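Protein sequences, first through last, are from chains H and F.
Position 264 of the first sequence, counted from 1, bears residue number 264 in this note's numbering, the numbering being contiguous throughout.
Position 86 of the second sequence, counted from 1, bears residue number 365 in this note's numbering, the numbering being contiguous throughout.
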Amino acid sequence: MFKIVERRELNSIEFEIFVEAPRIAQKAQAGQFVILRIDHNGERIPLTVVDTEPDKGLVRLIFQVIGKSTAALAKLQTGDSLSDLVGPLGKATEIENYGTVLLVGGGVGIAALFPIIKALKAVGNKVITILGAKNKELLILADECRKYSDELYLMTDDGTLGQKGLVTDAMKFVFAKEKIDTAWAVGPSPMMKFSTLAAKKAGVPIYVSLNPIMVDGTGMCGGCRVTVDKKIKFACVDGPEFLGAGVDWDDFSNRMKQYRDEEQIADTIYKGGMPNGKA
Amino acid sequence: MAKRSYTKTPMRELAPEIRNRSFSEVALGYSLEEGQLEASRCLQCKNAPCIQNCPVMIDIPGFIKHIEVGDLKSAHEVLSKYTNLPAICGRVCPQEKQCEMTCRLGRSKKFEPVAIGNLERLVADWACQQPIEMISNSKDKGKVAIIGSGPSGLTAAGDLAKLGYDVTIFEALHVPGGVLTYGIPEFRLPKKIVEKEIEIITAQGVTIETNVVVGKTITMEEIQAEFAACYLSVGAGAPNFMNLPGTSLNGVYSSSEYLTRINLMKAYDFPNYDTPVLTSKNVVVIGGGNVAMDAARSAKRLGAKNVAVIYRRSKEELPARKEEYEHSVEEGINYHWQTNPVEYINDGTGKLKAIKCVKIKLGEADESGRRRPIVIPNSEFIITADTAIEAIGQGANRVLLDTFPDLRLNRWGYIEANRETGETNIPGIFAGGDIVTGAATVILAMGAGKVAATQIDSYIQNQKVHV
Chain H
1 MFKIVERREL NSIEFEIFVE APRIAQKAQA GQFVILRIDH NGERIPLTVV DTEPDKGLVR
61 LIFQVIGKST AALAKLQTGD SLSDLVGPLG KATEIENYGT VLLVGGGVGI AALFPIIKAL
121 KAVGNKVITI LGAKNKELLI LADECRKYSD ELYLMTDDGT LGQKGLVTDA MKFVFAKEKI
181 DTAWAVGPSP MMKFSTLAAK KAGVPIYVSL NPIMVDGTGM CGGCRVTVDK KIKFACVDGP
241 EFLGAGVDWD DFSNRMKQYR DEEQIADTIY KGGMPNGKA
Chain F
280 MAKRSYTKTP MRELAPEIRN RSFSEVALGY SLEEGQLEAS RCLQCKNAPC IQNCPVMIDI
340 PGFIKHIEVG DLKSAHEVLS KYTNLPAICG RVCPQEKQCE MTCRLGRSKK FEPVAIGNLE
400 RLVADWACQQ PIEMISNSKD KGKVAIIGSG PSGLTAAGDL AKLGYDVTIF EALHVPGGVL
460 TYGIPEFRLP KKIVEKEIEI ITAQGVTIET NVVVGKTITM EEIQAEFAAC YLSVGAGAPN
520 FMNLPGTSLN GVYSSSEYLT RINLMKAYDF PNYDTPVLTS KNVVVIGGGN VAMDAARSAK
580 RLGAKNVAVI YRRSKEELPA RKEEYEHSVE EGINYHWQTN PVEYINDGTG KLKAIKCVKI
640 KLGEADESGR RRPIVIPNSE FIITADTAIE AIGQGANRVL LDTFPDLRLN RWGYIEANRE
700 TGETNIPGIF AGGDIVTGAA TVILAMGAGK VAATQIDSYI QNQKVHV
């Protein structure tokens, strides 16, 4: 059992938990993820490790409520336990001093971007960060990201914080004024796709972190396969980071929809409703 | 004594039309009387060939003799000397190719061999009903780490605990058992049986730590520092894909994913369990091994109207156990022989709609002794399918191997280990099961585990002499 020693509501849909997992806290590096299971009936949920406190044996996780399982996870309180937590999984981000790096995060993807920002700053990069969300309420970790960034741009769809617009608008601005050596984008798949296109235009290599549907997370089932450079790759062991230019985005978005009907059924039942004749 | 029956005492089974709608176990086991009747068919051969042909060399006539007189306790004591997983072996061993193939009774033309597997199951199921006995083996001979809790690792662990070692098994998933848990369906191997046999092993003092991915959660260096020896039995869990156009369409699965969702995550009970699996009308399984049969029969049980297996050779070459094939036919699974898929067809929304296939003719035998498949020109045809499951075998999983570059691998990427001893190129590191042989059977993996236990014992004792 893995105890939740701290829990915070970041906003109406995004939550943060600190979980006791000493081994994972010792090993996790930027870019890696864990898989958790809430209870006996639960599914295996992959989440990026946001941060660790190795001396306290804690792993910090942030998630957004999108369906039944994440809704159930949000209900857990300080002192409750997860039945399972395994990791760190996936390859770590290749951290080195590239020179000037651009980091682009969208929505809950900012949580996965944060450890990369921190690690890149620690080895001496000039870090330029762009964060985007629907509105001020949903833009998370801005202050923490600012701490490790030389420049920070905030974008919201409705203009309630920073500039009104998309992260790609800010990317164009940064590319126009600065020579970027390497970039990262983490967020919803359309955002990663268009960030990739913007970076490509500027001739900058950009890494994206893919979060497809996954089961075991150790390369055993092949459910998380993604098409990169026209080849089948498993996001859990070959990734989760890939160069965005090689990713087949249509393919990726399509596979994310695999269980849309089933997810809806589970969600409806969880909220106390009847499944709409589909079960 | 009554005259020996020519045929095996039949085992009761759920009727096909009932079982193909349920994940309940198909074969129902022998009663004691049925078992005694079957046991009385055994000739009690001296130098019994069945023992020689059993990968863990169970004293088969020995345990059968006790069944004949109704003494299941003594029968179990005999079995326990050789196997830690008898209820599992009794169910999933290919007996027809091992013990039962060499049975002297079966070799006389008129008689079927003794139903050794069924008898083993009878004894083991009886044992599973008994209270678990905690055994306090001494643990002072040293610490041994076992990576992977499948049949090979469990066997080695049980044997090493009996020898007096302090054994820890590390398992990457949240439940132990390896392929017994995530791969073999409930209707062939109920999970409560697996849990029970694992409990019997842990009651001997073996510790199992789940949720530990060796190479990630802890490193091999840490294992080597803490343990006197280590047995790598991580299985061959990396699915192969045929790489056909359309492989990424929704509805195309590897058998590993399909079966893991169903067995480990209990997707057949969705939404009571949170993990879904697609329920489909027309399911096509590609491959001809036991895994293909398991996937096809699972799909039927999930409610598919039509389930077909496509296999590139003929029925004669089917690698699956005959019993599994026959059960599948009874349950309404169809077969397309000498057929290969060439393309998955999109319904326009990113879902699978159909599979384009070709017909195959069989040429000369290749080095494996099986006839080589040759595509017949212009033989393309379409099979409607909303789910396709590729059950074409596994490769070596790289998660641990990539973090342990000193370990020597063979040209297929499996660990190079001495088949007689389990030794690898690194002293104190032993390996066995599918990660050495490639995908094989539960009992062969168990055999490797037994060998490893003996060899690890002598390795550690020798080290002590030399220190």
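A virtual CB, placed ideally from N, CA and C, is assigned to each residue, including glycine.
Here the structure is a predicted model, which means the values were calculated and not measured.
### Message
Please report the straight-line C-alpha distance between I367 of chain F and G484 of chain F, rounded to a whole angstrom.
### Response
Residue 367 of chain F sits at position 88 when you count from the first residue of the second sequence. Residue 484 of chain F sits at position 205 when you count from the first residue of the second sequence. Approximately 21 Å, taken between the alpha carbons.
### Task
Report the partner residues of P620 of chain F according to the DSSP bridge assignment.
Here residue 620 of chain F is taken as the residue at index 341 of the second sequence, counted from 1. DSSP lists F:C636 as partners of P620 of chain F.
### Task
Starting from the beta carbon of P88 of chain H, find every residue of chain B whose beta carbon is closer than 9 Å, and list them in chain order.
The structure shown contains no chain B; the protein chains it does contain are H and F.
### Query
Just curious, the alpha helix (DSSP H) that Q503 of chain F is in, first and last residue?
Within the second sequence, numbered from 1, the residue matching residue 503 of chain F stands at position 224. Unbroken alpha helix (DSSP H) run through Q503 of chain F: 499-505.
### Query
If contact means a Cβ-Cβ distance below 7 Å, which residues of the stretch 699-731 of chain F contact chain H?
none
### Task
Check the DSSP bridge columns for S209 of chain H and list the partner residues they point to.
Translated into the one-based positions of the first sequence, residue 209 of chain H becomes position 209. Bridge partners of S209 of chain H: H:E241.
### Task
List in chain order: all unbroken alpha helix (DSSP H) runs of 4+ residues lying wholly within the stretch 450-510 of chain F.
458-461, 470-481, 499-505
### Simplified DSSP assignment, three categories, for P46 of chain H
Along the first sequence, one-based indexing puts residue 46 of chain H at 46. Of the three classes helix, strand and coil, the one that applies to P46 of chain H here is strand, per DSSP.
### Message
Measuring only the C-alpha atoms, how far is I297 of chain F from V608 of chain F?
### Response
Here the question's residue 297 of chain F lines up with position 18 in the second sequence. Here the question's residue 608 of chain F lines up with position 329 in the second sequence. Whole-angstrom Cα-Cα distance: 14 Å.
#### Entry: Enclosing alpha helix (DSSP H) for L439 of chain F [first to last residue]
Counted from its first residue, the second sequence places residue 439 of chain F at position 160. Taken as a continuous stretch (DSSP letters only), the alpha helix (DSSP H) holding L439 of chain F covers 430-441.
### Query
Of all the CB atoms in chain F, is at least one closer than 8 Å to the CB of L47 of chain H?
Here residue 47 of chain H is taken as the residue at index 47 of the first sequence, counted from 1. Answer no: the Cβ-Cβ gap between L47 of chain H and chain F never drops below 8 Å.
### Message
Any C-beta of chain H within less than 7 Å: which residues of the stretch 532-561 of chain F qualify?
### Response
S533, S535, E536, T539, R540, M544, F549, P550, N551, Y552, D553, T554, P555
### Query
Under 8 Å, do F242 of chain H and K233 of chain H count as touching if we go by C-beta distance?
Walking along the first sequence from the start, residue 242 of chain H turns up at place 242. Walking along the first sequence from the start, residue 233 of chain H turns up at place 233. The answer is yes: Cβ separation under 8 Å.
### Task
May I ask you to list, following chain order, the residues of the stretch 16-33 of chain H that have a beta carbon less than 7 Å from some beta carbon of chain F?
R23, I24, K27
#### Entry: Three-state secondary structure (DSSP) of A279 of chain H
Counting from 1 along the first sequence, the entry for residue 279 of chain H is found at position 279. Since pLDDT at A279 of chain H reaches only 40, below the 50 mark, its modelled position is unreliable, and no value is offered.
### Query
Using the beta-carbon count (16 or more within 10 Å), is K360 of chain F buried or exposed?
Reading the second sequence from its first residue, position 81 is the one you call residue 360 of chain F. Classification for K360 of chain F: exposed.
### Message
Between the stretch 311-321 of chain F and the stretch 362-377 of chain F, can you find at least three pairs of beta-carbon atoms closer than 8 Å?
### Response
no
### Query
Using a beta-carbon distance below 8 Å, is E9 of chain H in contact with chain F?
Within the first sequence, residue 9 of chain H is the residue found at index 9, counting from 1. Chain F, which has no Cβ nearer than 8 Å to the Cβ of E9 of chain H, makes this no.
### Query
Can you check whether the CB of Y614 of chain F is closer than 8 Å to the CB of V588 of chain F?
Counted from its first residue, the second sequence places residue 588 of chain F at position 309. Counted from its first residue, the second sequence places residue 614 of chain F at position 335. It is a contact, given that the beta carbons lie within the stated cut-off.
### Query
Identify the residues that DSSP records as bridge partners of S81 of chain H: which are they?
Counting from one through the first sequence, the residue named residue 81 of chain H turns up at place 81. H:K3, per the DSSP bridge assignment.
### Task
Compare the C-alpha of I671 of chain F against each of F:G437, F:G717, F:L358 and name the closest.
One-based indexing of the second sequence puts residue 671 of chain F at position 392. Measuring from the Cα of I671 of chain F, the nearest candidate turns out to be F:G717.
### Message
Considering only heavy atoms of the ligand GTP, does any lie closer than 7 Å to the CB of S189 of chain H?
### Response
Although the ligand GTP was asked about, the structure shown includes no ligands whatsoever.
#### Entry: Nearest-angstrom Cα separation, counted from N551 of chain F out to A279 of chain H
Against the first sequence, residue 279 of chain H aligns to sequence position 279. Against the second sequence, residue 551 of chain F aligns to sequence position 272. Note on A279 of chain H: pLDDT 40, under 50, position unreliable in the model; the coordinate value appears next. Straight-line Cα distance between these residues: approximately 11 Å.
### Message
Is it buried or exposed, N657 of chain F, if we count other Cβ atoms within 10 angstroms and call 16 or more buried?
### Response
To locate residue 657 of chain F, count along the second sequence from 1; it is residue 378. By the neighbour-count rule (16 or more Cβ atoms within 10 Å), N657 of chain F is not buried but exposed.
### Query
Could you check where the alpha helix (DSSP H) with I339 of chain F kicks off and where it finishes?
Taking the first residue of the second sequence as position 1, residue 339 of chain F is located at position 60. Taken as a continuous stretch (DSSP letters only), the alpha helix (DSSP H) holding I339 of chain F covers 339-347.
### Task
Please report how far the alpha carbon of E144 of chain H lies from the alpha carbon of P430 of chain F, in whole angstroms.
Here residue 144 of chain H corresponds to residue number 144 of the first sequence, with the count starting at 1. Here residue 430 of chain F corresponds to residue number 151 of the second sequence, with the count starting at 1. Roughly 48 Å separates the two Cα atoms.
### Message
What would DSSP say about W691 of chain F, mapped onto helix, strand or coil?
### Response
Mapped onto the second sequence, residue 691 of chain F falls at position 412. Coil.
### Message
Taking only three categories from DSSP, how would you classify Y738 of chain F?
### Response
Locating residue 738 of chain F in the second sequence gives position 459, counting from the first residue. Correct three-state label for Y738 of chain F: helix.
### Task
Taking all protein chains shown into account, decide if E702 of chain F is buried (16 or more other Cβ within 10 angstroms of its Cβ) or exposed.
Stepping through the second sequence from its first residue, residue 702 of chain F is reached at position 423. Buried, because 16 or more other Cβ atoms sit within 10 Å of the Cβ of E702 of chain F.
### Query
Alpha carbon to alpha carbon, how far is D713 of chain F from T554 of chain F?
Taking the second sequence and counting its residues from 1, the one referred to as residue 713 of chain F is at position 434. Taking the second sequence and counting its residues from 1, the one referred to as residue 554 of chain F is at position 275. The alpha-carbon atoms of D713 of chain F and T554 of chain F are separated by roughly 27 Å.
### Query
Tell me which same chain residues have a C-beta within less than 7 Å of the C-beta of S253 of chain H, skipping the five on either side of it?
On the first sequence, position 253 is the one that residue 253 of chain H refers to. For S253 of chain H, where only same-chain residues beyond five positions count, the Cβ hits under 7 Å are S189.
### Query
Hey, how far is the Cα of S415 of chain F from the Cα of F506 of chain F?
If you number the second sequence from 1, residue 415 of chain F lands on position 136. If you number the second sequence from 1, residue 506 of chain F lands on position 227. Answer to the nearest angstrom: the Cα atoms are 20 Å apart.
### Message
Quick check on K257 of chain H - is its C-beta less than 8 Å from some C-beta in chain F?
### Response
As a working note, residue 257 of chain H is residue 257 in the first sequence. With 8 Å as the cut-off, K257 of chain H counts as an interface residue toward chain F.
### Message
Counting only Cβ pairs nearer than 9 Å, list the residues of chain H close to S527 of chain F.
### Response
Translated into the one-based positions of the second sequence, residue 527 of chain F becomes position 248. The answer, in chain order, is R225, V226, T227, I232, D248, D251, F252, N254, R255.
### Query
Going along chain F, which residues have a C-beta under 7 Å from K330 of chain H?
This structure cannot settle anything about residue 330 of chain H, because the visible part of chain H is limited to 1 through 279.
### Message
The beta strand (DSSP E) that contains N254 of chain H, what's its start and end?
### Response
Working through the first sequence from its first residue, we reach residue 254 of chain H at position 254. It is not in any beta strand (DSSP E) - N254 of chain H instead sits in the alpha helix (DSSP H) that spans 249-256.
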